Amino acid sequence: MAVTFYEQQAANRRNSLLLVVLVGLLLGALGFAIGYATSGYVEGAFLLTGMAIVFATVLSVGSYFAGDSLVLSASGARPVTQASHPQVMNVVQEMAIAANVPLPRVYLIDDSAPNAFATGRDPGHASIAVTSGLLEKLDREELQGVIGHELSHVRNLDIRFALLVAVLVGSIALLSDMFLRGFLRVGFGGRGGGRKGGAGILILIMLVLAVVLAIVAPIFARLVQLAVSRQREYLADTSSVELTRNPSGLERALAKIAGDREVLEVANRATQHLYFVNPIKKFEARASGLMATHPPIVDRINRLRTLRGAPPLSGPEGLGLAAVD
Amino acid sequence: MTTPTIIVLVVVAVIVVGAILIYNGLVQRRLRIDEAWAQIQVQLKRRHDLIPNLVNAVKGYMEFEQDVLTRVTEARAGAVAAGAQGPAQAAQAEGFLTQALRSLFAVVENYPELKANQNVLELQEQLTTTENQIGFSRQHYNATVLDYNQTIATFPSLLLAGPLGFTRRDFFEAEPEAAEVPVVALR
């Protein structure tokens, strides 16, 4: 693979900063538009802009330092010890040595759907969560492949960017939603008015702008989430094989998980991109086919097969996996 | 001061600063090797401590395969002794121990009571993880040794390494013949 993990780390540092700045600008612009539209004065607009930027800063700093605990507790994850789950702790330790990162904290989510995710701000503050279904359904080598994948996300600093995306993008979607609802309810009533002429037109323009921003912001945010998510899944798969030196473990894990029909209850739109495989399945109501955060499992398996010189899956086997994914 | 004096002083200063930087780089690389080696030794010790427990756990069941157990015990003793002799010898002895353990685990497969024994299963898991950890630590250790050996063999550190006693370090690697897996005769 042409991308080394140093380059990936650098890209993630850069993208994290870029994301924070972009979200700050977006919230600022949104604040300006809403402020002007509702007050009708530039002073009001700047006041709200300032508030939006302060809010974005607090949000970014907060998610950088506390986002992992937030994501973990939202997923119902509880810490695991060497005494209670020796095998998964051993495998995590092995992979931590292979990836040359400190031992992350390990959490368990009580859910029979096999899945896993990693979160945190850097390798020194990282956590890995696995579902009880993953431990039950995978053998040791397969588990090693999955943990190798998650620790690659840790080492590549994918976790930092993904965490910021989870919290910031989630917040933007929430805010726009609140504004849109509020606007629809209040906007058309009430303010008739004394003001006239040019100011009225400006207010109208700002109003339109506010609505457009509120609609565009979550879409833009989703697109960022998508663009970053797929490519790094392939990279983490490749790095996992590099770490375990065993392409078949991860491949078998992917095939096994693809064939599983269980649904992970605790995942939602804000956290789905963190997981090992997309926890939201096609047949569910909360799924959206157009905007998948993960590449299809068949593609991931085929890339791994290419690595070890095996022909890609085809025929009923490949189609079967493609259908369930 | 005349111009030539200044030039000489500048050149001397550059050489002294360069030498200090090179020396610090060498010391740092050597420390990294020691650190990586210490990590491997912790894992090797853990492995050596686990083996007597395993032998005791399976001894009662395996009346007809005492030679397999004897081989494991002897290989363990050899590995413990080789630990103090440096990476190359240790790697060789550990290679023998790995082979002996493999044949023991192959034999365990023939005993249904042993395969279901919780204690044996736990010990097997502990030994598997220790062996994997040693494997992954070895990669890291060998990379640090390669980096160090390359540094002391190339210009300009080459000039300082010899006089200051920076010598080549051994890789933690089994000899080619020790890496070959022996054929285990199974019933």
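Here the protein sequences line up with chains P and Y, keeping their order.
According to this note's numbering, the first sequence holds residues 7 to 331 in order.
According to this note's numbering, the second sequence holds residues 163 to 349 in order.
Note that beta-carbon positions come from the ideal geometry of N, C-alpha and C, so glycine has one too.
Fair warning: this is a prediction, and the values are worked out from it, not measured in the lab.
Task: Endpoints, the alpha helix (DSSP H) within which Val283 of chain P is located - done: As a working mapping, residue 283 of chain P is identified with position 277 in the first sequence. Where Val283 of chain P is concerned, there is no enclosing alpha helix (DSSP H), given that its DSSP letter is neither H nor E.
Open item on the list: Only counting the same chain, and skipping five residues up and downstream in sequence, which positions put a Cβ closer than 7 Å to that of His300 of chain P?
Closed with: As a working mapping, residue 300 of chain P is identified with position 294 in the first sequence. In chain order, Ser235, Arg236, Glu239, Val283 and Asn284 place their CB closer than 7 Å to the CB of His300 of chain P, counting only its own chain and leaving out the 5 sequence neighbours on each side.
Task: Closest by C-alpha distance to Val307 of chain Y, when choosing among Y:Ile182, Y:Arg331, Y:Leu289 and Y:Ala323 - done: As a working note, residue 307 of chain Y is residue 145 in the second sequence. For Val307 of chain Y, the nearest C-alpha among the options comes from Y:Arg331.
Open item on the list: Checking 7 Å against the spacing of the C-beta atoms, do Tyr70 of chain P and Arg146 of chain P come in under that value?
Closed with: The residue given as residue 70 of chain P occupies position 64 in the first sequence. The residue given as residue 146 of chain P occupies position 140 in the first sequence. Going by C-beta atoms, Tyr70 of chain P is not nearer than 7 Å to Arg146 of chain P.
- [ ] Mind listing the chain P neighbours of Glu227 of chain Y? Cutoff is C-beta to C-beta under 7 Å, in chain order.
- [x] On the second sequence, residue 227 of chain Y is found 65 positions in, with the first residue counted as 1. Under the 7 Å cutoff, chain P gives no residues; its nearest Cβ is about 25 Å from Glu227 of chain Y.
TODO: Please state whether DSSP places Arg349 of chain Y in a helix, a strand or coil.
DONE: Here residue 349 of chain Y refers to the residue found at position 187 of the second sequence. Because Arg349 of chain Y sits at a pLDDT of 43, beneath the cut-off of 50, its placement in the model cannot be relied upon, and the following sentence gives the value as read from the coordinates. Reduced to three states, the DSSP call for Arg349 of chain Y is coil.
Task: Strand pairing of Ser133 of chain P, partner residues [DSSP] - done: By one-based count along the first sequence, residue 133 of chain P stands at place 127. Ser133 of chain P is bridged by DSSP to P:Arg111 and P:Thr125.
Open item on the list: Please determine whether the Cβ atom of Val60 of chain P lies at a distance below 6 Å from any heavy atom of the ligand ADP.
Closed with: No copy of the ligand ADP appears in this structure; indeed no ligand is present at all.
Open item on the list: Using the three-state DSSP reduction, which class does Ala89 of chain P fall into: helix, strand or coil?
Closed with: As a first step, residue 89 of chain P is located in the first sequence; it is residue number 83 there, counting from the start. Ala89 of chain P: coil per DSSP, three-state reduction.
TODO: Determine whether the Cβ of Phe258 of chain Y lies closer than 7 Å to any Cβ atom of chain P.
DONE: Taking the second sequence and counting its residues from 1, the one referred to as residue 258 of chain Y is at position 96. Closer than 7 Å to the CB of Phe258 of chain Y there is not a single CB belonging to chain P.
- [ ] Evaluate Asp229 of chain Y with the Cβ neighbour count: other Cβ atoms within 10 Å of its Cβ, from every protein chain shown; 16 or more gives buried, anything less gives exposed.
- [x] Start at 1 with the first residue of the second sequence, and residue 229 of chain Y comes out as number 67. The residue is exposed, with fewer than 16 neighbouring Cβ atoms inside 10 Å.
Open item on the list: With distance defined between alpha-carbon atoms, name the residue in P:Thr10, P:Leu169 and P:Thr250 nearest to Asp74 of chain P.
Closed with: Your numbering for residue 74 of chain P matches position 68 in the first sequence. For Asp74 of chain P, the nearest C-alpha among the options comes from P:Leu169.
TODO: Could you please give me the residues that DSSP links to Arg84 of chain P through a beta bridge?
DONE: Counting from 1 along the first sequence, the entry for residue 84 of chain P is found at position 78. Residue pairing of Arg84 of chain P in beta bridges, as defined by DSSP: P:Leu114.
Task: Thr44 of chain P in three-state terms, based on DSSP - done: What you label residue 44 of chain P is simply residue 38 of the first sequence in a count that begins at 1. The DSSP-derived three-state label of Thr44 of chain P is helix.
Open item on the list: Does chain Y have any CB closer than 7 Å to the CB of Glu248 of chain P?
Closed with: Sequence index remark: in the first sequence, residue 248 of chain P carries index 242 (1-based). By this cut-off, Glu248 of chain P is not an interface position.
Task: Within chain Y, partners of Ile346 of chain P - CB distance below 9 Å - done: The question about residue 346 of chain P has no answer, for chain P in this structure spans 7 to 331.
Open item on the list: Counting C-beta neighbours from all protein chains within 10 Å, is the total for Phe334 of chain Y 16 or more, i.e. buried, or is it exposed?
Closed with: Position 172 of the second sequence, counting from 1, holds the residue named residue 334 of chain Y. With a threshold of 16 other beta carbon atoms within 10 Å, Phe334 of chain Y meets it and is buried.
TODO: Please confirm if Ile103 of chain P has its CB atom under 7 Å from at least one CB of chain Y.
DONE: As a working note, residue 103 of chain P is residue 97 in the first sequence. Contacts with chain Y at 7 Å (Cβ-Cβ) include Ile103 of chain P.
TODO: Pull out every residue of the region 280-306 of chain Y whose Cβ sits closer than 8 Å to any Cβ of chain P, in chain order.
DONE: Answer in chain order: Glu284, Glu287, Gln288, Thr290, Thr291, Asn294, Gln295, Phe298, Ser299, Gln301 and His302.
Open item on the list: If we define contact as Cβ-Cβ less than 7 Å, is Glu268 of chain P a contact residue for chain Y?
Closed with: By one-based count along the first sequence, residue 268 of chain P stands at place 262. Under the Cβ distance rule, Glu268 of chain P does not count among the residues neighbouring chain Y, no pair being separated by less than 7 Å.
Task: Rounded straight-line distance, which links the Cα of Ser66 of chain P to that of Ser177 of chain P - done: By one-based count along the first sequence, residue 177 of chain P stands at place 171. By one-based count along the first sequence, residue 66 of chain P stands at place 60. Taking the Cα positions, Ser177 of chain P is about 10 Å away from Ser66 of chain P.
Task: Member of P:Tyr281, P:Leu280, P:Gly265 and P:Arg258 whose CA lies at the smallest distance from the CA of Ile307 of chain P - done: What you label residue 307 of chain P is simply residue 301 of the first sequence in a count that begins at 1. Cα-wise, what sits closest to Ile307 of chain P is P:Arg258.
Open item on the list: Determine, for Gln93 of chain P, whether the minimum Cβ-Cβ distance to residues of chain Y falls below 7 Å.
Closed with: Residue mapping note: residue 93 of chain P aligns to position 87 of the first sequence, counting from 1. Output row for Gln93 of chain P: interface = yes.
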